[in-house]
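Heads up, the sequence shown is in the working numbering, so the first residue is 12 and it goes up one at a time.
Backbone N, C-alpha and C define an ideal beta-carbon position, used for all residues, glycine too.
Since this is a predicted model, take the numbers as computed values, not measurements.
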Amino acid sequence: METKPTTTIEASSRVFCAKHTHTVFVLFNTYKITRQSCEKHEVATIKCDDGDLKVHKDCVAKFAPKFAELFNPDFQVSDITVEEVKCALYFGLTGKCRMPDTKKLNVMQFCDRYLFDNIEAVVNKLLIADNFAPLLQYAFENDRKKLQKILAKAITKNPEFMQMDNYRELDESIRVAFVKLSHEEVKKMFNILILVVEGCFVLLTVSVVGMFFMKHTKV
12 METKPTTTIE
22 ASSRVFCAKH
32 THTVFVLFNT
42 YKITRQSCEK
52 HEVATIKCDD
62 GDLKVHKDCV
72 AKFAPKFAEL
82 FNPDFQVSDI
92 TVEEVKCALY
102 FGLTGKCRMP
112 DTKKLNVMQF
122 CDRYLFDNIE
132 AVVNKLLIAD
142 NFAPLLQYAF
152 ENDRKKLQKI
162 LAKAITKNPE
172 FMQMDNYREL
182 DESIRVAFVK
192 LSHEEVKKMF
202 NILILVVEGC
212 FVLLTVSVVG
222 MFFMKHTKV
């Protein structure tokens, strides 16, 4: 025996459900299938030193395609915590830095190690005096050529980093190689500046000659 609705709201809700049951069923099943597909094919687990972190490969692939390719169902990383990986992924997705200075070194090494496309942007944002020397040591000991050049560019804007005690304590071979690389980067920047100045001079000359010609050829 069917019970009669006791209120207008209850009566309206029953009518809505009767009309839209199929639509609700389809939407729910679509969501369920989509979620199961994502969980089966797109979610990977990053095993960190202090726990596990689940991530969606598609999201990570937007800024770190090589990193996403490395994923197995279980992906092991070392010398980094779950919180630091979260910081790295957040920066990769948003370009914003939400981490204390003590975590920045590990985050930069993590981003470099797993081939983030925007590693230069990461370094420019997170590099500070205290972590410059340790990152430089990591770059040379692990033969990270791209990172070495990024640091050589960075030092032209922050030469005071080379006055830090932890920089002076680096192995002499690292310091010598870095100074040489820095000089090469400065030379490149100087050559670019010369080309820009020469280009401006040529444009100025052409403009002056053009104005002179127009002035003296009026009918």
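Residue j beta carbon less than 7 Å from that of residue i
i	j	result
residue 192	residue 163	yes
residue 166	residue 131	no
residue 146	residue 173	no
residue 59	residue 93	yes
residue 73	residue 98	no
residue 75	residue 127	yes
residue 117	residue 144	no
residue 140	residue 175	yes
residue 108	residue 65	no
residue 123	residue 158	yes
Buried/exposed call for residue i, threshold 16 Cβ in 10 Å
i	result
residue 57	buried
residue 187	exposed
residue 203	Per-residue confidence for residue 203 stands at a pLDDT of 48, beneath the threshold of 50, marking its modelled position as unreliable; no derived number is given.
residue 195	exposed
residue 232	With the chain covering 12 to 230 only, the question about residue 232 has no answer from this structure.
residue 104	exposed
residue 9	Within the shown structure, residues of the chain are numbered from 12 to 230, placing residue 9 beyond reach of any answer.
residue 152	exposed
residue 183	exposed
residue 95	buried
Limits of the alpha helix (DSSP H) - the one that residue i falls within
i	result
residue 56	Where residue 56 is concerned, there is no enclosing alpha helix (DSSP H), although the beta strand (DSSP E) it sits in stretches over 54 to 59.
residue 98	93 to 105
Limits of the unbroken beta strand (DSSP E) element including residue i
i	result
residue 62	62 to 67
**Q.** Whole runs of the alpha helix (DSSP H) within the segment 125 to 200, excluding any shorter than 4 residues
**A.** The qualifying runs are 130 to 137, 140 to 152, 156 to 168, 176 to 179.
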